[in-house]
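Letter 9 of the sequence shown, counting from 1, is numbered 9 in the UniProt record's numbering, and no numbers are missing. Where a beta carbon is used, it is the ideal one built from N, C-alpha and C, also for glycine. This structure is a prediction, so every number in the text was calculated from the model and none was measured. Right, one structure below, let's go through it.
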Amino acid sequence: MTGEKADSFRGASAGGPGDDVERPNRAYLWPIVAIVVILVVMVTSAVAGFVYIERERSHAGAIVTELEQIRNYRYGVTNQMESARGYATTGNTALLKTFFGASDMVSENVQALRRLAAKSPGRSQADPLRIARQLDGLWLRSIGLARRGARVEADALLNSPEAVEALARIRSQLGRYETEARERHAEHDRRLGFAWHLVIGIQIVGGCLSIAGLAASYRHVSRDARRRRQAMRQAEILFHMADVLQSASGQEDANAVLGATARRLLPHLSGALYLFSSARDRLVLSTAWNEHDDDIAPPNILASECWAVKRGKVQANSRSGDALRCEHHLSDGAAIEVPMVARGEVHGLIRFSANGPAQEQELAEAATLISALTDAVSLALSNIALRDKLRSQALKDPLTGLYNRRYMEDSLQRFVSLSQRSGTPASVVLIDLDHFKKLNDEHGHLIGDTILRAVADTVSGTLRESDIACRYGGEELLIILPDCALADAVYKAEVIRARVETLSNVHGVRVTASLGVASSPENSNTVQDLILQADTALYEAKRGGRNCVQAAAARPNSLELSVAA
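If you want it as structure tokens, here you go:
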């Protein structure tokens, strides 16, 4: 599996949508660092290259000077020889001036000859200088002979084998020095050319690399900017979802908000929301979205089969590989299950799944967003549960689960007022358990509370959706029956009485109830009087032998209206 199941779907989850944005992004820093290094290399190479080029130019210039000195030395030697021969032949004293001028030129370039001799490999430094002194001595002797009139001897001396050989040797030596100097000059020229090309090449390559680095940095920055914009959009959607969830009146509203948000944020993933059953032994499917035929969310998940619930941590499931997975995961696709934890309590589970060759990668990339979505939903569902709990505590009796007396008074006032305006009837049934104090004294309050809860459940199971059952006080219950006439209310009360009596067989003690029924406007037009009429009817039922239903007597005004009609 690629990337060890995408690093178990990237640690299954890691923080909120802003975490990746806030984490230092070094990806686009590397091109910038590379550009700086390249610029440093370019500047350093340029400076070093120019220093090297200047040094090579200096060496080449020195060689040019040496070549000039070799030419001057050769020219001086040639002039010495020709002027000495001319003087020996013609005796023209003007040639002596030329000879000694050439001799001065030779003397001026003797140091160059020494340096060349030192650089020349395999040659004695004294060799060319010795030959030069030998020639100079021969030429001076020939001039001396010519001055004394021995021109023939002077000419013979200048053309002697010794003089010819010495002249040839020094010319050869000078030619070799010149060749070596030209070779060294050519070598420096080659180095200069190489250095120029190297510096220019480094600048070109460095420039290209810098441009490439800038382009890569721009791509990274652009991608990072896109991610930031996407993260901001996701955060806005999550904030909007959290805001809308605050207005949710119940679980159905929360399901609708979650489904709509998940489709916007993660359109390519299937999802489902599970909530604990009342026994908290299983998770019941509350809603699902983006389901596929091969990935249908199961209706129930046993809490004992879900590692996410048992561990209280994110669980990555896949049927491939040897990694730990939940027993309930039977799909071929991969899934992430995130427990919804808020205020230290697990409220349920959100499950996201994917199919296809890149399923683990898809879930890994969405893990952070899934975690943030789950956190927001967990807190919202916790608030809804807390709100419902507080509302229930404020409106319902904790023992029986029926509405309390305060809610009864408000509701009854509303229905009686409606009855007066519209003329529709509204009835109340007051229920009192017979001999309940004696039952408590003989069997204990625990049995008494159990029977009271059973009676409340029996009453609730008999009523319509519009009817309201309340605990009036102690063992007394009151039922509000909107849009129900007195006769119908008496019939309903009789059904309730019969069902309450059947509880005797269940609990092993005799359970009966007396019921008083009153109706508005037939018996009363005010809440207080209506309850009083029902209580009076209840008293009559008690006095008549208990375990019966008694209707309130009609008001005299009612009877007169009926007769007149």
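### Task
Using the DSSP secondary-structure output, state which residues sit across from V309 in a beta bridge.
On the sequence shown, residue 309 is found 309 positions in, with the first residue counted as 1. Beta-bridge pairing links V309 to no other residue.
### Query
Between which two residues does the alpha helix (DSSP H) harbouring C208 extend?
Position 208 of the sequence shown, counting from 1, holds the residue named residue 208. P161 to Q246 is the span of the alpha helix (DSSP H), which, as asked, contains C208.
### Beta-carbon separation (whole angstroms), A553 vs S514, contact threshold 8 Å
As a working mapping, residue 553 is identified with position 553 in the sequence shown. As a working mapping, residue 514 is identified with position 514 in the sequence shown. So it is not a contact: roughly 17 Å between Cβ atoms.
### Neighbour-count burial assignment, F352, 16 or more Cβ in a 10 Å radius
Mapped onto the sequence shown, residue 352 falls at position 352. With 16 or more other Cβ atoms within 10 Å, it is buried.
### Query
Should L477 go down as buried or exposed, given a rule of 16 or more other Cβ atoms within 10 Å for buried?
Position 477 of the sequence shown holds residue 477. So L477 counts as buried.
### Message
Going by DSSP, what residue range makes up the beta strand (DSSP E) through E337?
### Response
Along the sequence shown, one-based indexing puts residue 337 at 337. It spans A334 to A342 - the beta strand (DSSP E) in which E337 sits, taken as one unbroken run.
### Task
Might you give, ordered along the chain, the residues of its own chain that have their beta carbon closer than 7 Å to the beta carbon of Y52, omitting 5 neighbours on each side?
Numbered from its first residue, the sequence shown carries residue 52 at position 52. Closer than 7 Å at Cβ, skipping near neighbours: A195.
### Message
Considering just the uninterrupted stretch of the alpha helix (DSSP H) at N290, what are its terminal residues?
### Response
Position 290 of the sequence shown, counting from 1, holds the residue named residue 290. N290 -> no alpha helix (DSSP H), and no H or E assigned at all.
### Message
Distance check for E465 and V527, CA to CA, integer angstroms please.
### Response
As a position in the sequence shown, residue 527 is number 527, starting the count at 1. As a position in the sequence shown, residue 465 is number 465, starting the count at 1. Cα-Cα distance, rounded: 22 Å.
### Per-residue burial, A272 [other beta carbons within 10 Å of its own, 16 or more giving buried]
Numbered from its first residue, the sequence shown carries residue 272 at position 272. When all chains shown are included, A272 counts as buried.
### Task
Put S504 into one of helix, strand or coil per three-state DSSP.
Counted from its first residue, the sequence shown places residue 504 at position 504. Helix at S504.
### Message
Strictly under 8 Å for the Cβ-Cβ distance: is R263 near chain D by that measure?
### Response
Protein chains in the displayed structure number just one, and chain D is not present.
### Query
Touch check for the stretch 342-361 and the stretch 245-255: three-plus C-beta pairs under 8 Å?
no
### Query
For P339, is the classification buried or exposed, using 16 other Cβ atoms within 10 angstroms of its Cβ as the cut-off for buried?
Residue numbering aside, residue 339 sits at position 339 when the sequence shown is read from its first letter. With 16 or more other Cβ atoms within 10 Å, it is buried.
#### Entry: Separation of Y73 from E165, as counted between CA atoms
Position 165 of the sequence shown, counted from the first residue, corresponds to residue 165. Position 73 of the sequence shown, counted from the first residue, corresponds to residue 73. E165 and Y73: Cα-Cα distance of roughly 18 Å.
### Message
Let me check one thing: in DSSP terms, what residues is Y274 bridge-paired to?
### Response
Working through the sequence shown from its first residue, we reach residue 274 at position 274. DSSP output for Y274 lists L285 and L349 as bridge partner(s).
#### Entry: Spatial distance of R23 from T374 (CA atoms)
Locating residue 23 in the sequence shown gives position 23, counting from the first residue. Locating residue 374 in the sequence shown gives position 374, counting from the first residue. Its pLDDT being 47, under 50, R23 is placed unreliably by the model, and nothing is read from it.
### Task
Go to N255, then tell me how far its beta strand (DSSP E) extends in each direction, as first and last residue.
Here residue 255 refers to the residue found at position 255 of the sequence shown. Note, N255: premise wrong, no beta strand (DSSP E); alpha helix (DSSP H) at Q251 to L265.
### Query
In terms of alpha-carbon separation, which member of K438, A150 and F276 lies closest to L285?
Locating residue 285 in the sequence shown gives position 285, where the first residue counts as 1. Ranking K438, A150 and F276 by Cα distance to L285 puts F276 first.
### Task
Indicate whether A181 and E108 have their beta-carbon atoms separated by less than 8 Å.
Along the sequence shown, read from residue 1 onward, the residue named residue 181 stands at position 181. Along the sequence shown, read from residue 1 onward, the residue named residue 108 stands at position 108. No, they are not a contact pair.
### Query
Is it right to say K97 is buried, meaning 16 or more other beta carbons lie within 10 angstroms of its own, or is it exposed?
The sequence position of residue 97 within the sequence shown is 97, counting from 1. Exposed is the call here.
### Task
State whether the stretch 205-218 contacts the stretch 29-37, with contact taken as three or more CB pairs (one from each stretch) at a distance under 8 Å.
yes
### Message
According to DSSP, N317 sits in a beta bridge with which residue or residues?
### Response
The residue given as residue 317 occupies position 317 in the sequence shown. Answer is A335, bridged to N317.
### Query
Do you know whose CA, among L39, Y407, Y403 and G448, lies nearest C208's CA?
Here residue 208 refers to the residue found at position 208 of the sequence shown. Of the listed residues, the one whose Cα sits closest to C208 is L39.
### Task
Output the distance between the C-alpha atoms of N547 and D434, rounded to the nearest integer angstrom.
Locating residue 547 in the sequence shown gives position 547, counting from the first residue. Locating residue 434 in the sequence shown gives position 434, counting from the first residue. Cα-Cα distance, rounded: 7 Å.
### Task
Pull up the distance between the alpha-carbon of E183 and that of R71, whole angstroms please.
Here residue 183 refers to the residue found at position 183 of the sequence shown. Here residue 71 refers to the residue found at position 71 of the sequence shown. Cα to Cα, E183 sits roughly 16 Å from R71.
### Message
Pop quiz: residue 566 and L412 are said to be a contact at Cβ under 8 Å. What is the actual Cβ separation, rounded to whole angstroms?
### Response
No statement about residue 566 is possible, as the shown extent of the chain runs from 1 to 565 and does not include it.
### Message
Between which residues of its own chain and A551 is the CB-CB distance below 7 Å, once the five residues before and five after are set aside?
### Response
In the sequence shown, the residue the question calls residue 551 occupies position 551. L486, V490, V517 and A537, listed in sequence order.
### Residue nearest to S504 in terms of C-alpha spacing, selected from D488, V455, L463 and A342
Counting from one through the sequence shown, the residue named residue 504 turns up at place 504. For S504, the nearest C-alpha among the options comes from V455.
### Message
At the level of alpha carbons, what is the spacing between M105 and S210?
### Response
Counted from its first residue, the sequence shown places residue 105 at position 105. Counted from its first residue, the sequence shown places residue 210 at position 210. For M105 and S210, the distance between alpha carbons rounds to 58 Å.
### Message
I'd like to check one pair, A154 with L142: are the Cβ atoms closer than 8 Å?
### Response
For the purposes of this step, residue 142 is taken as residue 142 along the sequence shown, with counting starting at 1. For the purposes of this step, residue 154 is taken as residue 154 along the sequence shown, with counting starting at 1. One point to set straight first is that residue 142 is Ser, not Leu, in the sequence displayed. Yes, they are a contact pair.
### When A235, Q420 and A248 are compared against T368, the one with the closest alpha-carbon
To locate residue 368, count along the sequence shown from 1; it is residue 368. Closest option to T368, Cα to Cα, is A235.
### Closest Cα partner of P299 within the set R282, V309, H292 and K310
Taking the first residue of the sequence shown as position 1, residue 299 is located at position 299. With distances taken between Cα atoms, P299 lies closest to R282.
### Query
Roughly how many angstroms lie between the CA atoms of A366 and L238, to the nearest whole one?
Position 366 of the sequence shown, counted from the first residue, corresponds to residue 366. Position 238 of the sequence shown, counted from the first residue, corresponds to residue 238. In a straight line, the C-alpha of A366 is about 14 Å away from that of L238.
### Task
Give the single residue among V377, S331, R227 and S371 whose Cα lies nearest to the Cα of G356.
Residue 356 sits at position 356 when you count from the first residue of the sequence shown. Nearest option by C-alpha distance: S331.
### Query
For the candidate residues A60, S519, D397 and L386, whose alpha-carbon lies nearest to that of D189?
As a working mapping, residue 189 is identified with position 189 in the sequence shown. Per the Cα distances, A60.
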